[in-house]
Structure formats: C-alpha cells, structure tokens
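A.B. asks:
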Amino acid sequence: MSRSIVIVGAGLAGLAAAFSARRAGRSVTVVSAGAGATALAPGAVDDVPWERAASAARVARVPLVRRPLAVDVAAFADALGLWSIGDDGADVARIATVAGVIRPARAHDRALLDLSTIRGVVIVPRAPRAAWDADALAATWGASPFARAQGLRFHAAEAALLRHKGERGIGELDLAARHDEGDRLDWLAARLREALVREAPRGVDAAAVLLGPWLGLAAPRAEALSARLGLSVGEALGGVGSAAGLRFEAARDRLLASLGVDVVVGRATRLEVEGARVALTVHGKSDLVVGDACVIACGGVAGGGIVYAGAGAPDRARAAFALSLDAPVDLAIGGVRVDVTSSLNGPDLDETAWPTPGAEGALERVGVRCDGARAAPGICAAGAAVADRPRTALEAVAAGLRAGREA
Ligand SMILES: Cc1cc2nc3c(=O)[nH]c(=O)nc-3n(C[C@H](O)[C@H](O)[C@H](O)COP(=O)(O)OP(=O)(O)OC[C@H]3O[C@@H](n4cnc5c(N)ncnc54)[C@H](O)[C@@H]3O)c2cc1C
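In this text, residue positions in the sequence shown follow this note's numbering: the first is 42, and each later residue adds one.
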C-alpha cells in the first residue's frame, strides 16, 4: 500500500506539497478551510520580497534579472498553468500596480501586463468605475523612473469598456467573471479597437493596452484578448482579494482533480501523532482523516493559519500566538520559541509587530519551528506557516514541494 499524506491547507504550499507527494506515488488528502494568503494576493509571484531585491540591485548597481527556478518549481508552475515565469537570467517582469507603482516581479499571473518588453505608448482606457482613475494612473505610472528609463508613455483614452447597465458599480470580481465568456471578450476587443482608431489621428501609436484586474476569473483571458486585438493587453496588479486570487483557486482545483487528490473542505482542529500514524480532527466531521504523515501548510497570520491569541488572563496564561489547530509543534519568532509572556498585556506589538527597514515584523515571522521541512516526528510544515521564512509565493511553492517529498 502506498504511503498516505494528510495536508492541512490548500494555498500554494499545500498544493505544491500535494503535487510532489503525488509525483512520489503517495496518496494524498488535503484538508482546507477556505481562502488564505494565496487567494488574497493579487498575482505577482516573487521569490524574495520585491522591495528588498530592488534595493539590493540599486545599491550593487546591477540589473534585476530573474533568478533561476529549481526544476521542480518550474514543473509545478507548468502544471498549474497560471503563471508567466520567463527565462532564467532574463530581465525581471515589470508590473504596474493600481496604487500607481511599477514594480519588478520574478513571475506573474498571465493576465497581468509585463511592461519590461514594451516600448512606446501604453493606452490606459477610461472606465467610470470608482477604483479606476485612468488619468491619474497614467500620470503616476508615466512619472516612474522605470517608465522614463524605458521610454514608456501612458496615455489615458476614452473607451466603452462597460457593456451593461450597472457595471459601473458591480464588484471587480463580478466584472472579471464576465470576461470568462468568449462573446464578451470579442465585444471588448471591438471597443478597444475603436478606441485605438480614435487615438491614431492624434499621433498615438499604441504598443499595449493596460486594464484593471478584470480579465477572467476561471482563467487568465489576457492572451486571448491580445490575440483578438493584435496587441499586448493585460491587467494592472490589483489590491487584496482581486481576480488573480480566484484564478488561483480555479487552477488549484483543476490541478488537485487531475492529480487525484482527495479534498476535505473544513477546518482542522486537532492533529495527533500516534506511533507511525497521524490523525486529524476536522470540525463538524465525525471521521478522523488519518495518514502516515502530515504537512502543515495552513499559512501564517494573513491566511488564518496562525492566530493572535492576545494576552493571558490572570487565571490562564497563554502564548500570544497559536496555530489554528492543536498540534504537537512549537511556534517561534526569530528562532525563539513563542511562549507565555511575562506581561498580562502580551507582547509589545507596537515594537515588534511591524516591519522595520531590512527586517520583517513578528506578524510575518511567527510560524512553526522547523528543521528544514521537519517540525516534529511525522509532521512537516511549509509556506507561510513556517517561522522566519520569506512570505512569498515562490518560497511557499519550494517549501511545499520539499515538504511533500519528505513527508
Ligand atoms: C494581501 C497579500 C499580498 C501578497 N502579495 C504577494 C506578492 O505580491 N508576491 C508574492 O510572492 N507573495 C505575496 N504574498 C505572500 C504569498 O501570497 C504567501 O506567502 C503565500 O501565498 C503563502 O501560501 P501558503 O500556502 O503558505 O498559505 P495560504 O495561502 O495562507 O494557505 C493556507 C490555507 O490553509 C487554510 N487553513 C488555515 N488554517 C486551517 C485549518 N485549521 N484547517 C484547515 N485549513 C486551514 C487557509 O484557509 C488557507 O487556505 C501576499 C500575501 C498577501 C496576504
């Protein structure tokens, strides 16, 4: 009989663990409670936090290039089918954010427009939606050092992007879902073509079109739109909980199904290890989920895998942070075990919670104490659940692949 692995969490780390465990011939059950950090993230895929990479390159006066991806990470990305990863050693992708910044990325959701290879004029269509001020965005992106160095100009232009009454006010995810339909994509391509024709006599020779995060929920639709228009079209990087997160969930579900992974939707409340067996209690389910090993990939504070338990009460001291399930593992921050604090007010979050230049805050470092992927006998951990590891997408993938192999 094949070894069976139980995985808590279906973000990038849990999915990558399932991928490598299945490739190693194990049977896999994933237990997950719902959205985590991966589903909240807007679609940039970094190996290290991008601000740090950008500032290191600036100081060292070297170009920012795509660091090589490990073979198994590239194979995972290929199976997920969601990202553009580019070539090792090539210039990093450059993504425009709806906050007005152009930032580097090692890889990205395929719907996002990579500005690194574009020269000339990028059209930013106007749309009467509260979160999309094309004129302000075009001015801000155009003033960025990257745009100036690259010779990129951003030009806000009239376009009829909204087809139905009420689309001014519907949520971004609903608007993105409408572009899953081929007919709507044809319609949008026609409206963008009209806009380009209108701009041409004014000397605007468009090299690309940049839209909000609206191009599909089931899958990225930017390439299909680009093919229809004969021009690069893509999204700007949205905010927390934008379309890219739902596209991840759709791609994840397709990959889990193709791998033949059992999925239990529910919140794990307790993990017990007895001899060579692990048993997971899931809220509301009478049967335990059992296996030979467990991978904890429940995410960090942002994904709900680690909870702030606050200060203790006089009669009941407790540690300030706890895993979202009872499990025989330790939490740590900066290599130090998370324990009961001496103050009834808990840890001094004003001092420790937030990042400082060059160092992450406690909220991004707290996690399961591990030696490599190993957290305890029979238990591995991966991704944002692990203490003191970078909270990035590619870190979650690499750690998940390793934990799935070792479990
Ligand atoms: C807003 C935001 C923006 C980000 N932007 C970027 C970016 O631009 N680039 C980048 O590289 N990274 C970014 N990150 C970080 C990156 O997304 C995460 O580090 C990575 O996705 C973590 O993946 P994970 O699988 O470890 O955790 P998660 O994606 O959090 O997955 C954990 C899963 O476990 C589930 N879970 C938790 N507890 C339980 C339980 N008890 N029982 C069952 N299930 C449970 C959660 O519901 C969740 O589905 C961002 C994160 C956030 C929150």
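For every residue, glycine included, the Cβ atom is placed at its ideal position computed from N, Cα and C. Just so we're clear, the structure is a prediction, and the values are computed from it rather than from any experiment.
Which same chain residues end up closer than 7 Å to residue 53 when comparing Cβ atoms and leaving out the 5 residues on each side of it in sequence?
C.D. replies: Same-chain partners within the cutoff: 79, 424, 434, 437, 438, 441.
A.B. asks: Check whether the Cβ of residue 87 lies closer than 7 Å to any heavy atom of ligand 1, and answer yes or no.
C.D. replies: Answer for residue 87: yes, Cβ within range of ligand 1.
A.B. asks: Across which residues does DSSP place residue 304 in a beta bridge pair?
C.D. replies: The partner list for residue 304 (beta bridge, DSSP) reads 71.
A.B. asks: At which residue ranges does the stretch 145-230 contain complete alpha helix (DSSP H) runs of 4 or more residues, listed in the order of the chain?
C.D. replies: Counting whole runs of 4 or more residues, the stretch 145-230 contains the alpha helix (DSSP H) stretches 175-183, 186-191, 213-219.
A.B. asks: Rounding to the nearest angstrom, what Cα-Cα distance links residue 281 and residue 76 in this structure?
C.D. replies: If you take the alpha carbons of residue 281 and residue 76, they lie about 12 Å apart.
A.B. asks: Could you check the C-alpha separation between residue 412 and residue 293 for me, to the nearest Å?
C.D. replies: The straight-line gap from Cα to Cα measures roughly 28 Å.
A.B. asks: How many whole angstroms separate the CB atoms of residue 197 and residue 167, which I take to be in contact at a CB cut-off of 8 Å?
C.D. replies: Contact flag correct, Cβ pair sits at about 6 Å.
A.B. asks: Between residue 49 and residue 415, what straight-line distance do the alpha-carbon atoms span, to the nearest angstrom?
C.D. replies: Computed Cα separation, rounded: 15 Å.
A.B. asks: Does the beta-carbon of residue 263 have 16 or more other beta-carbons within 10 angstroms, so that it is buried, or is it exposed?
C.D. replies: With 16 or more Cβ atoms within 10 Å of its Cβ, residue 263 is classed as buried.
A.B. asks: With DSSP collapsed to three states, give me the class of residue 405.
C.D. replies: Of the three classes helix, strand and coil, the one that applies to residue 405 here is helix, per DSSP.
A.B. asks: Express the C-alpha separation of residue 243 and residue 257 in angstroms, rounding to a whole number.
C.D. replies: So the two alpha carbons sit approximately 32 Å from each other.
A.B. asks: Can you tell me where the beta strand (DSSP E) with residue 319 in it begins and where it stops?
C.D. replies: Looking at the DSSP string, the run of the beta strand (DSSP E) that includes residue 319 is 318-323.
A.B. asks: Mind the definition here: the stretch 331-351 touches the stretch 361-372 only if three or more C-beta pairs lie below 8 Å; say whether that holds.
C.D. replies: Output reads yes: the stretch 361-372 touches the stretch 331-351.
A.B. asks: If you draw a straight line from the C-alpha of residue 72 to the C-alpha of residue 161, how long is it?
C.D. replies: Approximately 48 Å between the Cα atoms of the pair.
A.B. asks: Put residue 91 into one of helix, strand or coil per three-state DSSP.
C.D. replies: Reduced to three states, the DSSP call for residue 91 is helix.
A.B. asks: Helix, strand or coil, according to DSSP, for residue 364 in the structure here?
C.D. replies: Reduced to three states, the DSSP call for residue 364 is strand.
A.B. asks: Check this for me: beta carbons of residue 47 and residue 314, under 8 Å apart or not?
C.D. replies: No; because the gap between Cβ atoms is not below 8 Å, this pair is not in contact.
A.B. asks: So, using beta-carbon positions, are residue 172 and residue 133 closer together than 8 Å?
C.D. replies: No; because the gap between Cβ atoms is not below 8 Å, this pair is not in contact.
A.B. asks: Kindly indicate the opening and closing residues of the beta strand (DSSP E) around residue 372.
C.D. replies: Segment 372-374, the beta strand (DSSP E) holding residue 372.
A.B. asks: Quick one: using the 10 Å Cβ neighbour count with 16 as the cut-off for buried, is residue 311 buried or exposed?
C.D. replies: By the neighbour-count rule (16 or more Cβ atoms within 10 Å), residue 311 is not buried but exposed.
A.B. asks: Measuring straight from C-alpha to C-alpha, what distance separates residue 148 and residue 106?
C.D. replies: Spanning the two alpha carbons is a distance of roughly 11 Å.
A.B. asks: For ligand 1, is there a heavy atom less than 7 Å away from the beta-carbon of residue 210?
C.D. replies: No - ligand 1 has no heavy atom lying nearer than 7 Å to the Cβ of residue 210.
A.B. asks: Can you tell me whether DSSP reads residue 252 as helix, strand or coil?
C.D. replies: Looking at residue 252 - three-state DSSP - the assignment turns out to be strand.
A.B. asks: Please report how far the alpha carbon of residue 239 lies from the alpha carbon of residue 85, in whole angstroms.
C.D. replies: About 33 Å.
A.B. asks: Would you grab the beta carbon distance between residue 287 and residue 214 for me? Rounded to a whole angstrom, and I think it's under 8 Å.
C.D. replies: Indeed they touch by this definition, with Cβ atoms about 6 Å apart.
A.B. asks: Taking one C-beta from the stretch 248-257 and one from the stretch 204-222 each time, how about it: are there three or more such pairs within less than 8 Å?
C.D. replies: As far as the Cβ criterion goes, the stretch 248-257 touches the stretch 204-222, which means the pair count is three or higher.
A.B. asks: Any beta carbon of chain B sitting closer than 8 Å to that of residue 105?
C.D. replies: Absent here is chain B; the protein component of the structure consists of one chain.
A.B. asks: Relative to the C-alpha of residue 343, which candidate in 351, 406, 120 has its C-alpha closest?
C.D. replies: Here the closest residue by C-alpha is 406.
A.B. asks: So the alpha helix (DSSP H) residue 45 belongs to, where does it begin and stop?
C.D. replies: From DSSP, residue 45 is part of no alpha helix (DSSP H) but of the beta strand (DSSP E) over 45-49.
A.B. asks: Around the Cβ of residue 220, are there at least 16 other Cβ atoms within 10 angstroms (buried) or fewer (exposed)?
C.D. replies: Classification of residue 220: buried, given that the 10 Å Cβ count is 16 or more.
A.B. asks: Below 8 Å between beta carbons: does that hold for residue 330 and residue 308?
C.D. replies: Taking 8 Å as the Cβ cut-off, residue 330 and residue 308 do not qualify as a contacting pair.
A.B. asks: In three-state DSSP terms, what is residue 285?
C.D. replies: Helix, per DSSP.
A.B. asks: Please report the residue range of the alpha helix (DSSP H) in which residue 79 lies.
C.D. replies: Taken as a continuous stretch (DSSP letters only), the alpha helix (DSSP H) holding residue 79 covers 78-81.
A.B. asks: Give me, in chain order, the residues of the same chain whose beta-carbon lies closer than 6 Å to that of residue 201; leave out the 5 immediate sequence neighbours on both sides.
C.D. replies: Excluding positions up to five away in sequence, the list reads 232.
A.B. asks: Would residue 70 be called buried (16 or more neighbouring beta carbons within 10 Å of its own) or exposed?
C.D. replies: Residue 70 is buried by the Cβ-count criterion.
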